[in-house]
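Trainee: Chains as they are written, first to last, in full-length UniProt numbering: chain A, 1 to 320; chain B, 1 to 253. Here a beta-carbon is modelled for each residue, glycine too, at the ideal position from N, C-alpha and C.
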Amino acid sequence: MTSSAIAVSGLRKAYGDKVVLDGIDFEVAAGSIFSMLGPNGAGKTTTVNILTTLLTADAGTVRVAGHDVAKATKQVRASIGVTGQFAAVDDLLSGRENLQLMADLKRVGSGDQVVKSLLERFDLEESADKMAVTYSGGMRRKLDLAMTLVGAPKIIFLDEPTTGLDPRSRRTMWGIVRDLVAEGTTIFLTTQYLEEADQLADRIVVLNQGRLVAQGTADELKRQIPGTHVRLRFADPQELGAAARILPAGTPDEEELVLRVPSDGQSRSLRALLDRLDEHALNAQEFSVHSPDLDDVFLALTGDTADVVAQRTDKEAIAR
Amino acid sequence: MSTATAPLADSAIMLRRNMKHTLRNPTTVFNAVLFPIVIMLMFVKVFGGAFSVGVDYIDYATPGLLVMAVSYGLGATATAVNDDMTKGIINRFKTMDVSRGSVLTGHVVVTTVRCLAAEAALIGVAFLMGFDPKAGAVDWLGAIGLLVLLSFGAGWLTVAMGLAAKSVETAGLGTVPLIMLPFLSSAFVPADSMGAGVRQFAEYQPFTPIIETLRGLLAGNVSGGDAVVAVAWCVGFAVVGYVWAVSTFKKRA
Chain A
1 MTSSAIAVSG LRKAYGDKVV LDGIDFEVAA GSIFSMLGPN GAGKTTTVNI LTTLLTADAG
61 TVRVAGHDVA KATKQVRASI GVTGQFAAVD DLLSGRENLQ LMADLKRVGS GDQVVKSLLE
121 RFDLEESADK MAVTYSGGMR RKLDLAMTLV GAPKIIFLDE PTTGLDPRSR RTMWGIVRDL
181 VAEGTTIFLT TQYLEEADQL ADRIVVLNQG RLVAQGTADE LKRQIPGTHV RLRFADPQEL
241 GAAARILPAG TPDEEELVLR VPSDGQSRSL RALLDRLDEH ALNAQEFSVH SPDLDDVFLA
301 LTGDTADVVA QRTDKEAIAR
Chain B
1 MSTATAPLAD SAIMLRRNMK HTLRNPTTVF NAVLFPIVIM LMFVKVFGGA FSVGVDYIDY
61 ATPGLLVMAV SYGLGATATA VNDDMTKGII NRFKTMDVSR GSVLTGHVVV TTVRCLAAEA
121 ALIGVAFLMG FDPKAGAVDW LGAIGLLVLL SFGAGWLTVA MGLAAKSVET AGLGTVPLIM
181 LPFLSSAFVP ADSMGAGVRQ FAEYQPFTPI IETLRGLLAG NVSGGDAVVA VAWCVGFAVV
241 GYVWAVSTFK KRA
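#1: Going by alpha carbons, who is nearest to LEU8(B) out of GLY155(B), ASP192(B), GLY101(B), GLY220(B)?
#2: Looking at PRO133(B) and ALA187(B), is the spacing between their C-beta atoms short of 8 Å?
#3: Can you check whether the CB of VAL20(A) is closer than 8 Å to the CB of ALA14(A)?
#4: Near ALA57(A), what residues of its chain come up, given a Cβ to Cβ distance below 6 Å and the 5 sequence neighbours on each side ignored?
#5: Of the residues that make up the stretch 154 to 167 of chain B, which ones have a beta carbon closer than 7 Å to any beta carbon in chain A?
#6: Can you find the residues in the same chain that come closer than 6 Å, C-beta to C-beta, to VAL69(A), ignoring five residues on each side of it along the sequence?
#7: Whose C-alpha, out of GLY60(A), THR83(A), ALA30(A), is nearest the C-alpha of GLU183(A)?
#8: Taking only beta-carbon atoms, is LEU93(A) less than 8 Å away from chain B?
#9: Which chain B residues are close to LYS74(A), counting only those with a beta carbon under 9 Å from its beta carbon?
#10: If you draw a straight line from the alpha carbon of VAL176(B) to that of ALA76(B), how long is it in whole angstroms?
#11: According to DSSP, is TYR193(A) helix, strand or coil?
#12: Thinking C-beta only, is SER35(A) closer than 8 Å to ALA201(A)?
#13: Thinking C-beta only, is PRO237(A) closer than 8 Å to ALA244(A)?
#14: Considering only C-alpha positions, which residue in the set ALA152(A), THR163(A), LYS154(A) is nearest to ARG140(A)?
#15: Give a yes or no on whether the minimum CB-CB distance between VAL28(A) and chain B is below 8 Å.
#16: Should ALA272(A) be labelled buried (16 or more other beta-carbon atoms within 10 Å of its own) or exposed?
#17: Run through chain A and tell me which residues come within less than 8 Å of LYS94(B), C-beta to C-beta.
#18: Are there any heavy atoms of the ligand MG lying less than 7 Å away from the beta-carbon of LEU173(B), as far as the coordinates show?
#19: Determine the direct distance from the alpha carbon of GLY142(B) to that of VAL148(B), and round the result to whole angstroms.
#20: Please go through the same chain and pick out, in chain order, the residues whose beta-carbon is closer than 6 Å to the beta-carbon of ALA42(A), but skip the five residues on each side of it.
#21: Check whether the Cβ of HIS107(B) lies closer than 8 Å to any Cβ atom in chain D.
#22: By the DSSP assignment, the beta strand (DSSP E) with VAL8(A) in it spans what residues?
#23: I want to see whether chain A comes within less than 8 Å of ASP132(B), judged by CB atoms only; does it?
#24: So that I know if they touch, is there some Cβ in chain B lying closer than 8 Å to that of ARG77(A)?
#25: Could you work out which residues of chain A lie near GLY75(B), taking near to mean beta carbons separated by less than 9 Å?
#26: So, is the C-beta of GLY88(B) closer than 8 Å to a C-beta in chain A?
#27: Using a Cβ distance threshold of 8 Å, determine whether the stretch 161 to 169 of chain B contacts the stretch 227 to 237 of chain B, with at least three qualifying pairs required.
#28: First and last residue of the beta strand (DSSP E) that includes SER288(A)?
#29: Under the three-state reduction of DSSP, which class applies to VAL40(B): helix, strand or coil?
#30: Looking at chain A, is there any beta carbon in it that lies within less than 8 Å of the beta carbon of ASP10(B)?
#31: With a threshold of 7 Å on Cβ separation, who are the neighbours of ASP91(A) within its own chain once the five nearest residues in sequence on each side are excluded?
#32: Less than 8 Å between the beta carbons of ALA61(B) and GLY49(B), yes or no?
#33: Determine the burial state of VAL177(A): buried for a count of at least 16 other Cβ atoms within 10 Å of its Cβ, exposed for fewer.
#34: Return the Cβ separation of THR79(B) and VAL159(B) in integer angstroms, given the expectation that the two are a contact with Cβ distance under 8 Å.
#35: With distances taken between CB atoms, is the gap from GLY207(B) to VAL67(B) smaller than 8 Å?
#36: Do you know how far the Cα of LEU37(A) is from the Cα of LEU26(A)?
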């Protein structure tokens, strides 16, 4: 057996004419956090549903915990835990009873102990005996994740676990996810929040319109788009023109009166740049150093495709 | 844990869950018990005097009311099943190594238990109103057995409807025909006294043989022919409901 907790190759899924997943391949190393990023409707949840045996794929092979999801469904189910996009807790049961239900169904030997320690860990002791219907959004998410952890599954799927949570609850969730990985659990995380992937993931794939448009570490992805640069904004086109002549590496933007100059962002090179402007008595009204973040990557990767499609449609329209 | 007993154990766990739901939602039970009693009071005390059915009206109407109590109790099941489906908890169970039918079995068994509670209350009120059955111990056992079988069969059919419904509202609406059917049967007046068309419908619809069998059992003179048809209908409900429910359950992710 390899060290891959999840191995997917040539995965395809279509609903009628609508292709949701158009042949995707990836592997998730055991004990790592793998994040799937993508805009709404990219096919993230469909991927999770196939990997967690809720849906069957049209084509391709999917192995989870070394078992084929199509053939060894039972074994796959026994090794995974899933927290879906909508909190799947039983509203009419208390937090404790929800956890106990999971412990019973998974035939966990010392169920009481497991339930007690999970309530402690997720800071739910105070409300443990209240019905889940009275819980806040953050508490429901925590309970949902606690339910997923009963029986210590080796691989955990989190489908947009922090969507709709306030920043504090989100950070609490991140802490929990990090602890899980420290214990050796493998995490498959889907998210729309780039910060979340940047903070947590060892490896990221970007899914757009059913295809993987990029994969790598957060740093590798950031390197794929234009690097750190200095933005200089000038008062009028004459100054912009003059600046563009003395700084030939820069790219002027006539409309915004902005000059983008590639830079390594270090203080010495910045001082040299500013000195050069001074020598020619040029004054930039605004000055900022911009390093690419995952947002840039995301917009560049997922936006381009949309633009290309839009352009193509325009051309088709003109051709007619 | 052996693989053979796992589905049973899973079903028991799910049944415990459904029992807690029922106890925590007392309006469901109250509703299921109260409505048939109100109908009973209305028919026996208000309309009953005007009907001529050959025997005391309470003795004539009780079997039909018992069947009606079953069908009335089903609405709550349809909405509960649909609620489970739309809230995502079923998806959680599906991604776990839990036997497929156990969630549904839990609902069916709890429906049967709730129906029996309503039956017990209704029979109690009937006795207070002068119900005088001629049934022996075996007849009573037969009557209770038939009611259990009907609750179970109709329970499966309702679970299937609840699964198939797009929303909680349509799920509740789906069981309305089941509540209406007893009115168009021999529950309150003999089918012979109805107009053409309605009479034929009343004679051949499933509730009439079930009610007639129950009436026969409670009066101590059951007709074997009716009993066979009644049992066949109940088993038919159960089989169709089960097959429909399980296939819908597998399809809906």
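Mentor: Quick look at the numbers:
#1: Taking only the C-alpha atoms, the option nearest LEU8(B) is GLY101(B).
#2: Taking 8 Å as the Cβ cut-off, ALA187(B) and PRO133(B) do not qualify as a contacting pair.
#3: It is a contact, given that the beta carbons lie within the stated cut-off.
#4: Around ALA57(A): LEU11, LYS13, ILE50.
#5: Considering only beta carbons, no part of the stretch 154 to 167 of chain B lies closer than 7 Å to chain A.
#6: Excluding sequence positions up to five before and after VAL69(A), its CB lies within less than 6 Å of the CB of THR53, VAL62, VAL76, all in the same chain and listed in chain order.
#7: Nearest C-alpha to GLU183(A): ALA30(A).
#8: Yes - at least one Cβ of chain B is within 8 Å of the one on LEU93(A).
#9: Those within 9 Å of LYS74(A) in chain B are ASP97.
#10: Between the C-alpha atoms of VAL176(B) and ALA76(B) there is a straight-line separation of about 11 Å.
#11: Here DSSP, grouped into helix, strand and coil, assigns TYR193(A) to coil.
#12: Their beta carbons are under 8 Å apart, which means ALA201(A) touches SER35(A) by this criterion.
#13: With respect to the 8 Å criterion, ALA244(A) and PRO237(A) are not classified as neighbours on the basis of their beta carbons.
#14: Per the Cα distances, THR163(A).
#15: No, because no Cβ of chain B sits closer than 8 Å to the Cβ of VAL28(A).
#16: ALA272(A) should be labelled exposed.
#17: Within 8 Å Cβ-Cβ: THR53, LEU54.
#18: The model on display carries no ligand, and the ligand MG is accordingly not part of it.
#19: CA-CA distance, VAL148(B) to GLY142(B), rounds to 10 Å.
#20: Result list for ALA42(A): LEU207, ASN208, in chain order.
#21: Absent from the structure: chain D. Protein chains present are A and B.
#22: Taken as a continuous stretch (DSSP letters only), the beta strand (DSSP E) holding VAL8(A) covers 4 to 15.
#23: Taking Cβ atoms only, chain A never reaches closer than 8 Å to ASP132(B), which makes this a no.
#24: Among the residues facing chain B, ARG77(A) is included, as its CB has a counterpart in that chain under 8 Å away.
#25: Near GLY75(B) there are no residues of chain A at all, since even the closest Cβ is about 18 Å away, more than 9 Å.
#26: Yes, contact with chain A.
#27: No, they do not touch.
#28: Going by DSSP, SER288(A) is part of the beta strand (DSSP E) stretching over 286 to 290.
#29: A quick correction: the sequence has Met, not Val, at residue 40(B). Judged by DSSP in its simplified three-state form, MET40(B) adopts helix.
#30: Yes - at least one Cβ of chain A is within 8 Å of the one on ASP10(B).
#31: Within the same chain, Cβ atoms closer than 7 Å to the Cβ of ASP91(A) are found at MET131, ALA132, VAL133, the five residues on either side in sequence being excluded.
#32: Between ALA61(B) and GLY49(B), the C-beta gap is not smaller than 8 Å, which leaves the two residues out of contact.
#33: That one is buried.
#34: Actually they are not in contact, since the Cβ atoms of THR79(B) and VAL159(B) sit about 11 Å apart, beyond 8 Å.
#35: Sequence check: residue 207(B) is Phe here, not Gly. Yes.
#36: What sits at residue 26(A) in the sequence shown is Phe, not Leu. So the alpha carbons of these two residues sit roughly 13 Å apart.
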